[in-house]
Amino acid sequence: MKACSGRDAIAHLLRPVNVERNLASCVAFRGWIQSKVESWWEHDPVFRQKRLVRNLTLEYSGELAAISYRLEKARKELDTSPQKEAITSLTRRLSSQQAAADGLAKFIADNAAEDDATSPTSAPPSKVASARSKLKEVRDTIPLLEKELRDTRLSVPQIQEVEEACAHLERFRQEIGLEEAVSTLKVMERALGQTLAKAGGSFEEASEGIVVHHILPKLRSHTAGCRTFLEVGSTPCVTSEQSLPISTRHCEELVVLRNVTLGMAAGEMDYVVVKCLDAGKLGKFKEELASGRLVGGHPQPRRRELAKYEPYAVEVLAVVEVKRNANDIAKSYEVHARNLAWLNGETREYDPVEFRTMQYASGHFDRAFVHTDAATGAIYVFSKASFSEFRGAAMLRRMHFITRDGKLTGMSSGTVRWLSHMLATSLQLAGIAEPETAGFKGVEGRHLTHAGLALDDS
3 MKACSGRDAI AHLLRPVNVE RNLASCVAFR GWIQSKVESW WEHDPVFRQK
53 RLVRNLTLEY SGELAAISYR LEKARKELDT SPQKEAITSL TRRLSSQQAA
103 ADGLAKFIAD NAAEDDATSP TSAPPSKVAS ARSKLKEVRD TIPLLEKELR
153 DTRLSVPQIQ EVEEACAHLE RFRQEIGLEE AVSTLKVMER ALGQTLAKAG
203 GSFEEASEGI VVHHILPKLR SHTAGCRTFL EVGSTPCVTS EQSLPISTRH
253 CEELVVLRNV TLGMAAGEMD YVVVKCLDAG KLGKFKEELA SGRLVGGHPQ
303 PRRRELAKYE PYAVEVLAVV EVKRNANDIA KSYEVHARNL AWLNGETREY
353 DPVEFRTMQY ASGHFDRAFV HTDAATGAIY VFSKASFSEF RGAAMLRRMH
403 FITRDGKLTG MSSGTVRWLS HMLATSLQLA GIAEPETAGF KGVEGRHLTH
453 AGLALDDS
């Protein structure tokens, strides 16, 4: 495994050949956009499919606009129709009756499955009989409501117009191939989302070797500092370290926890290294654990689980964030800095309105949080005191990042995805940086403007 950390990692990332200065000027940005579009067109099937949908929409924009206008006009006329309220009322009544029938049928089936009628979980026979009678009434009512709704809809010409316009639009989209193209795109996007999620999860799991074999020993030797571990190869650690047994995650009194949320309004911490304190340091937390007043983690610990395991009050020594793309570290740091300020009670560094949840209605981390480790079942109690080492500039010594080698562009992966989506789908941007192999010329002389970025093709 090849890895570097600290100043070496930063120097490696910032070497001139690794930094793309695509935002230095409009000319540079235009050239970068052109190269990215050509790359996406060649290597990204989802990008090509999005462009196919966009170009079909643009090619038949006149016909699509006319049919859509007819549909929108019909819907507006329906909304102002005097029969609209009656149709809405009938629809609600029918839905309510169908839900009641489903509920009664389930109640009867559940109690019919009970062998022992005297069981405390079984309903009295009289109640079951009443439910059967009620179910018959409801089922008799449903066909009458369906007929009344059907007749009412047939008597409203605006509904006929809406349905005809919808059918016309659907037929035309199918004729020009747009419906099939959109359906194919949805399938491709789902598959891409699953692939990206799997890749991110695999990289995070593989990064555990860095945490256990590089960060943990430094914390034990009390030489912890600001470390950004950078993988130079293709994976952050060798294959043998990708499936570490749970025992290797514990280093004397230090424990590595994964995917810790602690009731935060947004985000989670990929890895948290904690030091388990003596049981006596639980103090008031023991009483709060017994009373259930502490906020629970995921999965929510139950009373019998709290009694089964000895809870540990913890001190957090390090927070580790894993990012496959080094360009995402800056945004991630901002989020973690705000979350850590909330966790250690630095009220001047965050807006409590943004942190209000059902668990923390005040917007402050004013109650301890119980985290149950999914791997071991052990229970850890976090409070403001747990994050005392993260106050002020001290946070820089405790925050760690694990990433891969890669080009620095000055744009996060989310921003690049947004650019790709806009250049593939926006009707206004059709023709900008269009590859000659795309078979669509679009309109020249357009301007690309969004979020403060501007590109003038003139």
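First residue of the sequence shown: 3, per our numbering; consecutive thereafter. Each residue gets a CB set at the ideal place from its N, CA and C atoms; glycine is no exception. All values reported here derive from a predicted model rather than from experimental measurement.
What distance in whole Å lies between the Cβ atoms of residue j and residue i, which are believed to be in contact at a cut-off of 8 Å?
i    : j    : result
K325 : T405 : 5 Å
V316 : Y382 : 5 Å
L25  : G269 : Not quite, the Cβ-Cβ distance comes to about 27 Å (not below 8 Å), so this is no contact.
S415 : N327 : 5 Å
H402 : V337 : That belief does not hold up - the Cβ atoms of H402 and V337 are roughly 15 Å apart, past 8 Å.
I69  : F205 : Actually they do not touch by this definition, with Cβ atoms about 46 Å apart.
R72  : A199 : The pair is not a contact, with the Cβ atoms about 41 Å apart (cut-off 8 Å).
V140 : A102 : 5 Å
A426 : K52  : 4 Å
E150 : L92  : 6 Å
Where residue i and residue j are concerned, what is the direct C-alpha to C-alpha distance, given to the nearest angstrom?
i    : j    : result
T154 : E165 : 15 Å
Y314 : D46  : 49 Å
A267 : E163 : 47 Å
I212 : V184 : 42 Å
S334 : Y352 : 16 Å
L194 : S41  : 17 Å
S157 : K38  : 56 Å
L54  : D81  : 35 Å
Q196 : G203 : 11 Å
L171 : R152 : 23 Å
K409 : F389 : 34 Å
L180 : L431 : 19 Å
T263 : L218 : 21 Å
A13  : K220 : 21 Å
D272 : A370 : 20 Å
A387 : E207 : 29 Å
P354 : S364 : 7 Å
Q36  : S422 : 11 Å
S428 : F49  : 12 Å
E243 : E356 : For E243, the predicted model reports a pLDDT of 28, less than 50, meaning its position is unreliable and no value from the coordinates is stated.
A125 : S385 : 46 Å
A320 : G8   : 15 Å
L279 : A339 : 25 Å
Smallest Cα separation from residue i: which of the options?
i    : options                : result
E177 : T59, K409, K38         : T59
G265 : V257, H373, E348       : H373
M424 : A13, R9, R56, E356     : R56
P127 : L137, A114, K136       : A114
D112 : T93, K200, E139, A133  : A133
R350 : A169, R393, A11        : R393
H215 : L256, S63, G365        : L256
H366 : A380, G379, F384, G347 : G347
D1   : D375, R358, V418       : No information on residue 1 is available, as it lies outside the stretch 3 to 460 that the chain covers here.
V418 : L66, N329, V318        : N329
K75  : I331, I161, D375       : I161
N261 : A376, S385, G33        : A376
T378 : L259, P145, I110, A320 : L259
V275 : E182, E391, K138, A169 : E391
Establish whether the CB of residue i and some CB of chain B are separated by less than 8 Å.
i    : result
S204 : You won't find chain B in this structure, because it holds only one protein chain.
Taking one C-beta from the segment 388-405 and one from the segment 342-360 each time, how about it: are there three or more such pairs within less than 8 Å?
By the Cβ criterion, the segment 388-405 is in contact with the segment 342-360, since at least three pairs of Cβ atoms, one from each stretch, lie closer than 8 Å.
What are the start and end residues of each continuous alpha helix (DSSP H) run of 4 or more residues lying completely inside the segment 31-55, in chain order?
Runs of alpha helix (DSSP H) with 4 or more residues, each lying fully within the segment 31-55, are absent.
Could you name each continuous alpha helix (DSSP H) segment of 4 residues or more that falls completely within the segment 72-154, going from the start of the chain to the end?
Annotation: the segment 72-154 contains the following complete segments of the alpha helix (DSSP H) (minimum length 4 residues), in chain order: 86-114.
Stretch-stretch touch, CB-based, cutoff 8 Å, three pairs: the segment 90-110 with the segment 178-189:
Contact between the segment 90-110 and the segment 178-189 is not established, with fewer than three Cβ pairs separated by less than 8 Å.
Okay, do the segment 74-92 and the segment 101-113 touch, 3+ Cβ pairs below 8 Å being the bar?
Result no; under three Cβ-Cβ pairs closer than 8 Å.
In the segment 375-429, which residue ranges form an unbroken beta strand (DSSP E) of at least 3 residues, counting only runs that do not cross its ends?
Counting only runs of 3 or more, we get 381-384, 401-406.
Quick check on the DSSP output: what are the complete alpha helix (DSSP H) runs of length 4 or more inside the segment 307-367, in order along the chain?
Taking 4 residues as the minimum length, the alpha helix (DSSP H) runs contained wholly in the segment 307-367 are 331-346, in order along the chain.
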